[in-house]
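Residue numbers (our numbering): 154 to 254.
For glycine and all other residues, C-beta sits at the position ideal for the given N, C-alpha and C.
Structure record follows, encoded as structure tokens.
See the structure below:
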């Protein structure tokens with residue numbers, strides 16, 4: 154569950170904010186129904202965008218409370234969890250194929 158101060162990475166492009174897939178920001182507020190206020194900053198710390206996003210639009214990559222980056226396995230699990238059962242099965246088959254090489 155995303156929390157305030159977690160670092161997130163966009164899973165979508167937001168042209169209205171000039172933010173691209175993979176841009177990182179920090180959660181500054183949590184709202185009802187899975188919506189979050191995310192602040193995106195430039196390298197000098199100046200805010201470049203402040204927007205409300207649903208949890209489907211980003212992936213948490215840093216857990217502030219635990220003070221740690223999520224592992225690749227955790228990120229992959231979070232991504233796969235969002236997919237339909239059919240897509241999850243495809244990912245499983247791909248992983249099996251890759252592990253046999």
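Going by Cα to Cα distance, which pick from the options is closest to residue i?
i	options	result
residue 200	213, 207, 178	178
residue 180	246, 170, 168, 213	213
residue 196	241, 206, 176	176
residue 184	154, 250, 232	154
residue 161	170, 191, 240, 245	191
residue 210	225, 187, 227, 229	187
residue 235	208, 220, 225	208
Round the Cβ separation of residue i and residue j to the nearest angstrom and send it over; I've been treating them as touching at under 8 Å.
i	j	result
residue 204	residue 167	7 Å
residue 248	residue 156	About 29 Å separates the two Cβ atoms, so there is no contact after all.
residue 206	residue 189	6 Å
residue 159	residue 215	6 Å
Within a Cβ cutoff of 7 Å, which residues of the same chain sit near residue i, ignoring the five residues on either side of it in sequence?
i	result
residue 194	200, 201
residue 231	212
Leaving out five residues on either side along the sequence, give the residues of the same chain with a beta carbon under 6 Å from the beta carbon of residue i.
i	result
residue 241	233
residue 224	none
Across which residues does DSSP place residue i in a beta bridge pair?
i	result
residue 162	177, 212
residue 183	189
residue 167	172
Once the 5 residues before and after residue i are set aside, which same chain residues still bring their CB inside 8 Å of it?
i	result
residue 182	157, 189, 190
**Prompt:** Which residue spans inside the segment 190–243 form an unbroken beta strand (DSSP E) run of at least 3?
**Reply:** 200–207, 211–216
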